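For the protein sequence lines, the chains are H and W, in the order given.
Sequential numbering of the first sequence, starting at 3, is according to the working numbering.
Sequential numbering of the second sequence, starting at 117, is according to the working numbering.
The C-beta atom is built at its ideal place from N, Cα and C for all residues, glycine as well.
These numbers were taken from a predicted model, which means no experiment stands behind them.
Step one of this worksheet: look at the structure below.
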Amino acid sequence: MTLMESRRARATEERPVSTGRRRPRRRGWRRWILSGPLLVVLAILILAPAAFVVVAAFTTESPRPGASLGSFTWSNFAILRDPGFTGGLLNSVLIAVFGTVLALVIGGGLAFLAARSDVFGRRFVFLVGVAPLVLPSYVGALAWSMLGSPQAGLLNIALRDLGLPPVVDLYGVGGMVFVLALFYAPYPFLMIHSSLSLMNPEHEDAAATHGASVRKILGRITFPLALPALLGSGLLVFILTLENFPVAQVLATPGGVVTLPTFLFQLMTASPARGNEASAIAIALVVIVSVVTLLQRRALAKRSFTTVTGKGVRARRVALGRGRAICFALACLYFALSIVAPVLALLLTSIRRSPYMDSFAELLQPGALRFDAYADVLQSRLFATVTLNSVVVSVVAAVVGTVIAFLVAYTTYRTTARGGGLLEGISMMPIAIPAIVLGIGLLWTWIQSPIPLYGTLGVLMIAFVAAQMPQGLRSVASAIRATDRDLEDGAVVHGAPRGRAVALVTLPLMRVALSSTLLLLLMLSMRELTVPLFLYTSNTQILSITIFDQFENGGALREAAVLSVVYVLIMFVLSYLPRRFGGTPDV
Amino acid sequence: MSDRATSLPRFRTRTLLGAVLSAMVAVTGCGGGGGGATGSPGSDAAVSTDDGLVIDGELIADKALFDAAEGGSVSFYSTSDAATEELIIDRFTEQTGITVTLTRLTSAKMEERVRSEVGAGRFGADVLRTTDPLFAVELAEQQALVPWAPPSADELTRSGAMRPGDPAITSMYGAYALAFNNRVVAPQDAPTTWTDLLDAKWAGGKIGLARPSASGAAWVELGLRTFGPDFWPQVAASSPRVFDSVSVQSEALARGEIAVSVFPISSAFVAAEQGAPIQLVIPEDVGVAAFPVSIGLTTAGADNPAAEVFANWLLSKSTQQFMAGFGTIPARSDLARVEEAGQPVLPAVGTPQLQILTTADQQARRDEILTSWNRAFGIPTGG
Numbered sequence: 003m004t005l006m007e008s009r010r011a012r013a014t015e016e017r018p019v020s021t022g023r024r025r026p027r028r029r030g031w032r033r034w035i036l037s038g039p040l041l042v043v044l045a046i047l048i049l050a051p052a053a054f055v056v057v058a059a060f061t062t063e064s065p066r067p068g069a070s071l072g073s074f075t076w077s078n079f080a081i082l083r084d085p086g087f088t089g090g091l092l093n094s095v096l097i098a099v100f101g102t103v104l105a106l107v108i109g110g111g112l113a114f115l116a117a118r119s120d121v122f123g124r125r126f127v128f129l130v131g132v133a134p135l136v137l138p139s140y141v142g143a144l145a146w147s148m149l150g151s152p153q154a155g156l157l158n159i160a161l162r163d164l165g166l167p168p169v170v171d172l173y174g175v176g177g178m179v180f181v182l183a184l185f186y187a188p189y190p191f192l193m194i195h196s197s198l199s200l201m202n203p204e205h206e207d208a209a210a211t212h213g214a215s216v217r218k219i220l221g222r223i224t225f226p227l228a229l230p231a232l233l234g235s236g237l238l239v240f241i242l243t244l245e246n247f248p249v250a251q252v253l254a255t256p257g258g259v260v261t262l263p264t265f266l267f268q269l270m271t272a273s274p275a276r277g278n279e280a281s282a283i284a285i286a287l288v289v290i291v292s293v294v295t296l297l298q299r300r301a302l303a304k305r306s307f308t309t310v311t312g313k314g315v316r317a318r319r320v321a322l323g324r325g326r327a328i329c330f331a332l333a334c335l336y337f338a339l340s341i342v343a344p345v346l347a348l349l350l351t352s353i354r355r356s357p358y359m360d361s362f363a364e365l366l367q368p369g370a371l372r373f374d375a376y377a378d379v380l381q382s383r384l385f386a387t388v389t390l391n392s393v394v395v396s397v398v399a400a401v402v403g404t405v406i407a408f409l410v411a412y413t414t415y416r417t418t419a420r421g422g423g424l425l426e427g428i429s430m431m432p433i434a435i436p437a438i439v440l441g442i443g444l445l446w447t448w449i450q451s452p453i454p455l456y457g458t459l460g461v462l463m464i465a466f467v468a469a470q471m472p473q474g475l476r477s478v479a480s481a482i483r484a485t486d487r488d489l490e491d492g493a494v495v496h497g498a499p500r501g502r503a504v505a506l507v508t509l510p511l512m513r514v515a516l517s518s519t520l521l522l523l524l525m526l527s528m529r530e531l532t533v534p535l536f537l538y539t540s541n542t543q544i545l546s547i548t549i550f551d552q553f554e555n556g557g558a559l560r561e562a563a564v565l566s567v568v569y570v571l572i573m574f575v576l577s578y579l580p581r582r583f584g585g586t587p588d589v
Numbered sequence: 117m118s119d120r121a122t123s124l125p126r127f128r129t130r131t132l133l134g135a136v137l138s139a140m141v142a143v144t145g146c147g148g149g150g151g152g153a154t155g156s157p158g159s160d161a162a163v164s165t166d167d168g169l170v171i172d173g174e175l176i177a178d179k180a181l182f183d184a185a186e187g188g189s190v191s192f193y194s195t196s197d198a199a200t201e202e203l204i205i206d207r208f209t210e211q212t213g214i215t216v217t218l219t220r221l222t223s224a225k226m227e228e229r230v231r232s233e234v235g236a237g238r239f240g241a242d243v244l245r246t247t248d249p250l251f252a253v254e255l256a257e258q259q260a261l262v263p264w265a266p267p268s269a270d271e272l273t274r275s276g277a278m279r280p281g282d283p284a285i286t287s288m289y290g291a292y293a294l295a296f297n298n299r300v301v302a303p304q305d306a307p308t309t310w311t312d313l314l315d316a317k318w319a320g321g322k323i324g325l326a327r328p329s330a331s332g333a334a335w336v337e338l339g340l341r342t343f344g345p346d347f348w349p350q351v352a353a354s355s356p357r358v359f360d361s362v363s364v365q366s367e368a369l370a371r372g373e374i375a376v377s378v379f380p381i382s383s384a385f386v387a388a389e390q391g392a393p394i395q396l397v398i399p400e401d402v403g404v405a406a407f408p409v410s411i412g413l414t415t416a417g418a419d420n421p422a423a424e425v426f427a428n429w430l431l432s433k434s435t436q437q438f439m440a441g442f443g444t445i446p447a448r449s450d451l452a453r454v455e456e457a458g459q460p461v462l463p464a465v466g467t468p469q470l471q472i473l474t475t476a477d478q479q480a481r482r483d484e485i486l487t488s489w490n491r492a493f494g495i496p497t498g499g
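Dropping the structure here:
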């Protein structure tokens, strides 16, 4: 029996899954006290828009306000047999599997370095891990197409300048896997980092005392304990990369690769839009995701991953020896690929007079560069308005999202309240619904809601909280499973009300994880594009939409690049806030 | 609707272009040479508000309407290019003092949103401009758009832009031609006809095409009708790069990733103004593929005098002429042609070089046209 297994056995013995032994088992309605109100909130946030999607999948007409539903039909599901869907799904699964594995390797590796090693510049490595969150994937994809397209990519121009053959080609499956992994690695990074930095080193110390090698400790104790974070973030990344349209638009289609998101885009841009069939696909995705989530729960269910005991010991750090410098260099390489190169490409685009370039020598010619677009953008009143809107919406959505995610995770994993599985299932639902379909569901919900929120920033906040619930929950859930409940229960035994025990014991223990969640949701809200598209009005325009507008209009690439550069700067500033207030004490 | 409360000026990076175009319109003798101050989008026209709104001698709104519209604001939904619409709005505000807020979305998103708003009885637009005329027809059938009679009704009817009682009026035509990157393609190698797309020299990813949706049916149809059903499969055989949107295609052409492309004329004008080495070609064989861009006054707009003034103004001679400088083709046939430096002269309404896929054509055959293209290029369409 390994050390962890024996510990697990002991933990299970000492601490049953339910709290029933400590508190008298509540009966009937009392077990809904916590979960009931949460279910109502989630029903409004998520089930209502999802219900429209479900209805759309089984009817001949879209369930938009004022329209008839048509009649019941199964025929929308015929789309699942369409070669376009199956072919696209196959390609997308292939891309998502490799993208997820690569993202887990990058994110997990960086998380280990930042949380549990003596790598050079650990604080910098932490920043490197979260930095790509500041680049929305469509901006990242666009920047990488500027860098790595086969004919005129900047890397190929540089190679030609050096007399080398232009061999870089990011159009196609390989390019998509590469770019998706770069920009989705922060998910596993944040979740695994939380898990690793919260981990009590007792087990590892014990193993070391008994003579286990570092490799054995990592393989038998550290990584198995980080399994919830690994699986949770892997699931997130898999689904998000499966559905990512912007990267497919820029890199897959020009390479002749058909993908699931492109196929969905085709359905939604048909005239009239084929929303019913897109909804049928969404239902199929929800089923797949539910099955995968169930498998994940089953894989984790019978074990205890509790490692945070509040005993105030510092996480054990692995001495990398000569590897310190090599690992630091690898982190720098990732930073160069995910941030430096794309931002430089955007910068160059924002100041270059002509988008065409034969050789880098052209940049030295007089008049080749100009900076006036920055002045135009920064002086514009719209810029100030949309930036303020974006920040207000994102901060509120991130805070509310983190609070709800914590309450759901706490109710599900820490109480005997009924409906825990239901809460988790509903919370995970938005991830399976393609963003564009979810966006329409939200529009249909809020445009006819008696609460007059349509046309206000409030509806955007609600949309963001709903759309990002899965990310928030996965992030908090893996941390709550890793946090020992003994301290909180101890406080209760000593007379503290449960709420006070949570506030004074559990929350401080989870400070790192909650600030990571807040950061994640903040970044996601700042860059969310598809979901608010149907909900924003002229008065509630936000930054991500403005950038996409400039880009989507065509010919305004310079302005789009200027905005992207400014946007990256704002995101950097914002990403500092949760760390400033939440703290990453061990980094 | 709260949209109307304030006006948000958009980025004005193209104000200079507006000024140049204004000056150009004045020089070609169509603008009346009023104004005086240069650098503002409305400065070239002779605007009189003494007895209603009169611009360059044409009545836009009578005194009663214009007085009622004074100080008002308009909510404008459009699927046209946002930067161009912003210049138009700036010009309107400068000439009338009426503010306009713009909500711009691509066709498919706009349609979903408008259908939902109309269904919920919360249609936020006063005036709508759409590049998909079938959508305008649908809204007209639902009575979300209402008929109105602009002062230019006679001329619009004569030009075929307006039918009495039909709320959707063609405000202009968008058109597709060919474009090439003039840093990658030498002038002697540039395409001059649609059939040049079949030249073996473009094989292997040098041609770029944006997957056609609503308005793109115009160029697909032109190829089918003129050169037969084998035309697009033959183009597809040369392995062109297919893009999901014009914006990605435009960026690839500007960078030289692709050499030649079927391209929206207005996007070519914008790209050239931005310094992109994109050169437009009006194909010599059968001209350009055009589609109507409709405007309509909504039920809310009908009760808003400012909206009616704006809709009338969009259809006026002066505004149509101004728009022509952005690569659109005026719906009215009583205008002089605009010559833009460095760009070919665009064909006018009524000339054989302007091949319009009319609203009726689109109603009858658009799905079939797009399906055939998708089939030729191996694009899954889901049935």
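Gly276(W) - DSSP class collapsed to helix/strand/coil: Here Gly276(W) sits in coil by DSSP.
Expected contact under 8 Å - CB spacing of Val190(W) and Tyr292(W) to nearest Å: Val190(W) to Tyr292(W), Cβ: 30 Å. No contact.
Limits of the unbroken alpha helix (DSSP H) element including Val364(W): Secondary structure note for Val364(W): its alpha helix (DSSP H) is the uninterrupted segment Val362 to Arg371.
Under 7 Å by beta carbon: chain W residues contacting Thr264(H): By Cβ distance, chain W contributes Asp360.
Selection from Ser275(W), Leu462(W), Ala353(W) and Gln365(W) that minimises the alpha carbon distance to Phe379(W): Residue Gln365(W) is the option with its Cα nearest to Phe379(W).
Contacting positions in the region 423-447 of chain H - beta carbon closer than 8 Å to chain W: Cβ contacts with chain W: Ile442, Leu445 and Trp446.
Unbroken beta strand (DSSP E) run spanning Met288(W), endpoints: Looking at the DSSP string, the run of the beta strand (DSSP E) that includes Met288(W) is Ile285 to Asn297.
Sequence-distant residues of the same chain with beta carbon closer than 6 Å to Ala117(H), five excluded per side: Within the same chain, Ala117(H) has close Cβ partners His195, Leu198 and Ser199.
Chain H within 8 Å of Arg274(W), Cβ atoms only: So no, Arg274(W) is outside the interface.
Contact the region 273-290 of chain W vs the region 437-454 of chain W: 3+ CB pairs below 8 Å: Pairwise C-beta distances place the region 273-290 of chain W in contact with the region 437-454 of chain W, as three or more of them are shorter than 8 Å.
Glu228(W) versus Ala563(H) - alpha carbon distance: Near 29 Å, if we compare the C-alpha coordinates of Ala563(H) and Glu228(W).
Limits of the unbroken alpha helix (DSSP H) element including Phe590(H): Residue coverage of chain H in this structure runs from 3 to 589, which leaves residue 590(H) outside it and unanswerable.
Boundaries of the alpha helix (DSSP H) in which Thr264(H) is found, first to last residue: Run containing Thr264(H): Leu262 to Thr271, per the alpha helix (DSSP H) assignment.
Where Met270(H) meets chain W, residues with beta-carbon distance less than 9 Å: What Met270(H) touches in chain W, judged by beta-carbon distance under 9 Å, is Ala224, Lys225 and Glu228, going in chain order.
Residue-level contact to chain H via CB, Asn420(W), 8 Å cutoff: With 8 Å as the cut-off, Asn420(W) does not count as an interface residue toward chain H.
Within 8 Å, strictly: CB atoms of Pro167(H) and Gly109(H): No; because the gap between Cβ atoms is not below 8 Å, this pair is not in contact.
Helix, strand or coil at Glu186(W) [DSSP, three-state]: DSSP places Glu186(W) in coil when its eight states are reduced to three.
Proximity of Met598(H) and Val402(H) at Cβ, strictly below 8 Å: In the structure as shown, chain H starts at 3 and stops at 589, and residue 598(H) therefore has no counterpart that could be examined.
Euclidean distance between Cα positions of Thr241(H) and Ala464(W): Note that residue 241(H) is Ile in the sequence shown, not Thr. The alpha-carbon atoms of Ile241(H) and Ala464(W) are separated by roughly 50 Å.
Pair within 8 Å by beta-carbon distance, Glu455(W) and Phe385(W): Their beta carbons are not under 8 Å apart, which means Glu455(W) does not touch Phe385(W) by this criterion.
Sub-8 Å separation of Leu413(W) and Val243(W) beta-carbons: Cβ distance < 8 Å, so Leu413(W) and Val243(W) count as in contact.
For Glu174(W): DSSP bridge partner residues: DSSP links Glu174(W) through a beta bridge to Ile171(W).
Short-range partners of chain W found in the region 512-539 of chain H, where Cβ spacing is below 8 Å: So the close ones are Leu535, Phe536 and Thr539.
Short CB-CB distance (under 8 Å) between Gln91(W) and chain H: Absent from the model: residue 91(W). The displayed extent of chain W is 117 to 499, so no value can be given.
Three-state secondary structure assigned by DSSP to Thr532(H): In this structure, Thr532(H) counts as coil in the three-state DSSP scheme.
Counterpart residues of Thr61(H) in DSSP-defined beta bridges: According to DSSP, which records beta bridges pairwise, Thr61(H) is partnered with Phe74(H).
Counted within 10 angstroms of its Cβ, other Cβ atoms place Pro436(H) as buried (16 or more) or exposed: By the beta-carbon neighbour count (other beta carbons within 10 angstroms, threshold 16), Pro436(H) is buried.
Residue of Ala476(W), Ala416(W), Arg491(W) and Ser432(W) minimising C-alpha distance to Pro263(W): Minimum Cα distance to Pro263(W) is reached at Ala416(W).
Closest residue to Ala260(W) among Ala284(W), Met278(W) and Thr273(W) (Cα-Cα distance): Of Ala284(W), Met278(W) and Thr273(W), the residue nearest in Cα terms is Ala284(W).
Cβ-Cβ distance between Leu313(W) and Val358(W) below 8 Å: At least 8 Å separates the beta-carbon of Leu313(W) from that of Val358(W).
Minimum Cβ-Cβ distance from Gln390(W) to chain H less than 8 Å: It does: the Cβ of Gln390(W) has a partner Cβ on chain H nearer than 8 Å.
Contacting residues, own chain, Cβ-Cβ under 7 Å from Trp489(W) (five flanking each side not counted): Same-chain partners within the cutoff: Pro328, Val336 and Trp348.
Proximity test, Cβ basis, 8 Å: Ala67(W) and chain H: The question about residue 67(W) has no answer, for chain W in this structure spans 117 to 499.
Cβ shell of Ile482(H) (< 6 Å), same chain only, five flanking positions each side left out: Excluding positions up to five away in sequence, the list reads Ala411 and Tyr415.
Top-ranked residue by Cα proximity to Val300(W), from Trp310(W), Glu373(W), Ser232(W) and Arg238(W): Taking only the C-alpha atoms, the option nearest Val300(W) is Glu373(W).
Leu170(H): first and last residue of the uninterrupted alpha helix (DSSP H) it sits in: Per the sequence presented here, residue 170(H) reads as Val, with Leu not at that position. Segment: none, Val170(H) is in no alpha helix (DSSP H) and carries neither H nor E.
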